[in-house]
Amino acid sequence: MAQELLLEIGTEEIPAGFLPKAMADMANLIRAELESAQLAFGAVRTLATPRRLLLVVDGVEEHQPTLRSEVMGPAKSVAFDATGKPTKAGEGFARGQGISVDQLVIVETEKGHYVCARKEQAGRPTAELLTEILPRLINNIPFKKSMRWKDLDVRFARPVHWIVALYGGAVVPFAFGNVTSGNRSRGHRFMAPGAFEVKDFRRYLDECERHFVIVDPDRRKAIIRAEVARLAKEAGGEALADEELLEQVTYLVEYPSAVLGTFNPDFLQVPKEVLITSMRSHQRYFSLVDASGKLMPAFITINNTLAPDPSVVVRGNERVLRARLSDARFFFEEDKKVPLATRVEALKSVVYQAKLGTSFEKMERFRALAVALAEELAPKLKEKVARAATLCKADLVSGMVGEFPEVQGVMGREYALLEGEDAEVAQAIYEHYLPTQAGGAIPSADLGAFVSIADKLDTLCGCFGVGLIPTGTADPYALRRSAIGILNIILGRGYRLSLPALVDRSLDLLTVKLTRPRPEVRADVLEFLRLRLVNLLTGQGYPQDVVDAVLSASFVDVSDALARVKALAELKGREDFEPLAVAFKRVVNIIKSGVDTPVDPALFAAPCEGALHEATRAAAGQVNQAVAAGEYAAALRAIAGLRGAVDGFFEGVMVMADEDAVRINRLALLTGVAKLFTGIADFSRIAA
Numbered sequence: 064m065a066q067e068l069l070l071e072i073g074t075e076e077i078p079a080g081f082l083p084k085a086m087a088d089m090a091n092l093i094r095a096e097l098e099s100a101q102l103a104f105g106a107v108r109t110l111a112t113p114r115r116l117l118l119v120v121d122g123v124e125e126h127q128p129t130l131r132s133e134v135m136g137p138a139k140s141v142a143f144d145a146t147g148k149p150t151k152a153g154e155g156f157a158r159g160q161g162i163s164v165d166q167l168v169i170v171e172t173e174k175g176h177y178v179c180a181r182k183e184q185a186g187r188p189t190a191e192l193l194t195e196i197l198p199r200l201i202n203n204i205p206f207k208k209s210m211r212w213k214d215l216d217v218r219f220a221r222p223v224h225w226i227v228a229l230y231g232g233a234v235v236p237f238a239f240g241n242v243t244s245g246n247r248s249r250g251h252r253f254m255a256p257g258a259f260e261v262k263d264f265r266r267y268l269d270e271c272e273r274h275f276v277i278v279d280p281d282r283r284k285a286i287i288r289a290e291v292a293r294l295a296k297e298a299g300g301e302a303l304a305d306e307e308l309l310e311q312v313t314y315l316v317e318y319p320s321a322v323l324g325t326f327n328p329d330f331l332q333v334p335k336e337v338l339i340t341s342m343r344s345h346q347r348y349f350s351l352v353d354a355s356g357k358l359m360p361a362f363i364t365i366n367n368t369l370a371p372d373p374s375v376v377v378r379g380n381e382r383v384l385r386a387r388l389s390d391a392r393f394f395f396e397e398d399k400k401v402p403l404a405t406r407v408e409a410l411k412s413v414v415y416q417a418k419l420g421t422s423f424e425k426m427e428r429f430r431a432l433a434v435a436l437a438e439e440l441a442p443k444l445k446e447k448v449a450r451a452a453t454l455c456k457a458d459l460v461s462g463m464v465g466e467f468p469e470v471q472g473v474m475g476r477e478y479a480l481l482e483g484e485d486a487e488v489a490q491a492i493y494e495h496y497l498p499t500q501a502g503g504a505i506p507s508a509d510l511g512a513f514v515s516i517a518d519k520l521d522t523l524c525g526c527f528g529v530g531l532i533p534t535g536t537a538d539p540y541a542l543r544r545s546a547i548g549i550l551n552i553i554l555g556r557g558y559r560l561s562l563p564a565l566v567d568r569s570l571d572l573l574t575v576k577l578t579r580p581r582p583e584v585r586a587d588v589l590e591f592l593r594l595r596l597v598n599l600l601t602g603q604g605y606p607q608d609v610v611d612a613v614l615s616a617s618f619v620d621v622s623d624a625l626a627r628v629k630a631l632a633e634l635k636g637r638e639d640f641e642p643l644a645v646a647f648k649r650v651v652n653i654i655k656s657g658v659d660t661p662v663d664p665a666l667f668a669a670p671c672e673g674a675l676h677e678a679t680r681a682a683a684g685q686v687n688q689a690v691a692a693g694e695y696a697a698a699l700r701a702i703a704g705l706r707g708a709v710d711g712f713f714e715g716v717m718v719m720a721d722e723d724a725v726r727i728n729r730l731a732l733l734t735g736v737a738k739l740f741t742g743i744a745d746f747s748r749i750a751a
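Rendered as structure tokens:
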């Protein structure tokens with residue numbers, strides 16, 4: 064009979080950012096363990112609060128099935144001699160399988176008679192297996208950072224204080240460090256710190272709520288969302304949408320309670336981004352806006368307890384926020400006394416990276432690269448691009464950004480506007496940091512886009528040039544994010560430019576800094592960008608083989624590559640695509656690199672050769688015209704029209720004829736076919 068498995072790991076407060084991944088990892092680990100043990104099971108659920116990770120698996124089979132295995136050995140004639148006695152090979156095989164020779168069986172296969180070792184191993188009770196599986200699972204949950212405590216030899220995100228492990232309501236006994244599993248959990252640290260008995264998942268949830276713990280993060284999130292909306296409405300506004308903050312706060316509390324606070328309206332003279340950042344990043348407060356979107360002098364905070372007197376909590380939060388906002392106002396007023404242009408000089412004393420020089424040197428490099436982009440794509444913007452690039456890092460040496468790093472770019476824009484800089488230049492100062500995350504907004508105009516691409520590409524080429532290349536998950540200079548940002552901007556704004564030429568230009572500007580051979584750096588940077596583009600496009604739903612086929616042909620022009628991916632993906636969706644792909648893959652596989660010989664109709668020995676030649680010539684005009692116009696769907700349709708002639712050719716003649724001239728002529732015919740699509744995609748990489 065199948066039983067419920069429940070595992071709760073009680074700890075000191077785990078960082079909020081660790082919990083969603085830990086929940087997913089727990090689910091994956093238990094599935095892998097149960098599948099490896101060949102135990103049937105039902106739904107897997109994981110829940111979490113700052114002080115506990117919970118795993119529940121429905122319907123775990125009570126007993127492991129009898130494990131049967133079959134291992135094929137040598138041929139019967141090798142395992143036994145003519146008299147039927149086992150040879151050394153037969154004895155060795157039996158010994159290696161842990162059985163006697165007389166337990167070997169003879170199996171008839173397509174290749175003849177072979178010896179086989181068939182073994183049965185009685186399954187173990189699930190309760191017994193879990194005593195090994197559960198401590199291993201706890202130990203294997205990966206955290207970005209783990210810690211040890213006392214003199215124990217175990218590691219976890221935070222010290223473990225209790226473990227509940229039940230299978231069918233009975234305790235699964237094991238130890239993790241100095242903690243022994245049992246059936247007693249604990250309530251809220253402050254409101255109900257005592258222990259309570261756990262019998263099953265349903266009653267566990269009830270007991271948790273009685274002890275002021277809401278274990279389900281989705282339920283906590285819904286409560287927080289509703290309470291924030293309610294208080295915001297009472298204050299005459301609405302909460303500023305912030306799903307990331309909502310997610311974070313959800314994993315900071317076990318029993319959410321919302322309160323509304325206010326601050327002095329005089330602080331609204333400070334740019335709203337600074338106020339929002341101060342409330343959000345430092346205090347985890349939700350900001351409020353009025354009907355017109357204007358920031359209100361109010362905030363909502365989520366407590367982890369039900370306060371006897373909420374006004375005390377409100378006053379405490381207001382006092383803390385007042386100090387933070389006073390600091391922000393001071394820095395803002397002080398920063399306004401020094402023009403951005405003056406701050407640019409201070410970048411000469413800021414080391415960007417020891418091998419790549421100062422922030423001023425970096426600015427000079429990407430300014431030249433951004434101006435080069437403007438010359439190619441929008442020559443009228445060259446002067447504004449140069450100005451934006453010059454000023455865009457100046458706020459890094461401001462007091463405000465020193466205190467609130469999250470507002471870099473924002474403050475550059477605000478100070479530029481206050482100083483009377485061109486509004487487009489000011490916006491570019493802010494937008495050159497975009498996108499700040501995967502799927503984030505890209506610059507809204509060319510000005511910010513050119514500076515952003517240039518800045519990110521300088522970072523990418525510079526780091527690769529001095530050997531600072533990402534390995535595994537380690538990427539301290541966020542090069543993956545820079546590469547994806549470059550590609551998203553190019554694709555999002557539809558720029559048509561040569562990526563290799565852009566990399567070359569960046570490397571020209573970095574010549575004196577490179578510590579690795581330039582050809583290696585160039586190749587590594589382009590491959591890094593190609594892999595990011597593969598991930599980007601497959602993440603958008605394009606088939607892996609289609610993306611691979613297109614980018615293997617060429618990805619010099621990223622926007623062009625996307626157009627080819629879209630066209631090939633559309634073609635692959637056709638019902639007749641599989642035989643079409645098989646035919647073209649056969650063409651590619653036969654010609655390899657092709658032959659550089661013109662087709663000679665005089666050497667045709669069969670009508671199918673002439674038919675393919677004429678069909679290829681007719682299609683070539685349509686394909687070339689369509690490719691020149693970037694109409695790849697039309698080009699691929701024209702190429703697809705060759706399938707009948709290609710199939711007829713393969714059915715009618717043997718390509719690799721004995722006579723050299725005939726064979727080369729047939730290869731030339733197929734080379735002509737391949738040339739029509741090799742610039743679009745490598746069909747040999749398509750999974751037909």
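In terms of my numbering, the numbers along the sequence shown are unbroken and rise by one, the last being 751. The beta carbon of each residue, even a glycine, is placed where N, CA and C say it ideally should be. Keep in mind that this is a model prediction, so the values were computed, not measured.
My output table needs one value for residue i: the three-state DSSP class, helix, strand or coil.
i	result
E125	coil
G555	helix
G548	helix
G250	coil
A321	strand
I72	strand
P498	coil
Q311	helix
P664	helix
Taking the Cβ atom as the reference point for each residue, do residue i and residue j lie within a distance shorter than 8 Å?
i	j	result
T112	V278	yes
R347	V312	yes
R428	L573	yes
L596	L675	no
V686	L643	no
E154	V164	yes
G548	V584	no
L600	V610	yes
K456	L410	yes
A646	R579	no
V662	G735	yes
F330	L268	no
L481	K399	yes
R247	E260	yes
A302	V291	yes
T325	A361	yes
V141	A157	no
Could you tell me if residue i is buried or exposed, where buried requires 16 or more neighbouring beta carbons within 10 angstroms of its beta carbon?
i	result
G602	exposed
F253	exposed
G475	buried
L369	exposed
M342	buried
N91	exposed
V716	buried
S350	buried
N380	buried
Return the first residue and the last residue of the alpha helix (DSSP H) that residue i is part of.
i	result
E534	The residue asked about is misnamed: residue 534 is Thr in this sequence, not Glu. Element bounds for T534: n/a, residue is neither H nor E.
S798	Not covered by the structure: residue 798. The range shown for the chain is 64 to 751.
H676	670-691
F393	373-398
R265	264-273
E98	82-99
T146	That residue, T146, is in no alpha helix (DSSP H); it is neither H nor E in DSSP.
Mind checking if residue i is an interface residue toward chain D, Cβ cutoff 8 Å exclusive?
i	result
P371	Within the model displayed, chain D is absent; a lone protein chain is all it includes.
Tell me the residue span of the beta strand (DSSP E) that contains residue i.
i	result
C179	175-184
V223	223-230
T172	168-172
T364	358-366
Q416	414-416
Write down the C-beta distance between residue i and residue j rounded to the nearest angstrom, noting that I regard them as a contact closer than 8 Å.
i	j	result
V377	G300	In fact, because the Cβ distance is near 17 Å, the residues do not count as touching under 8 Å.
L592	F513	Rounded, the Cβ-Cβ distance is 18 Å, inconsistent with contact.
T189	Q101	Not a contact, Cβ separation roughly 11 Å.
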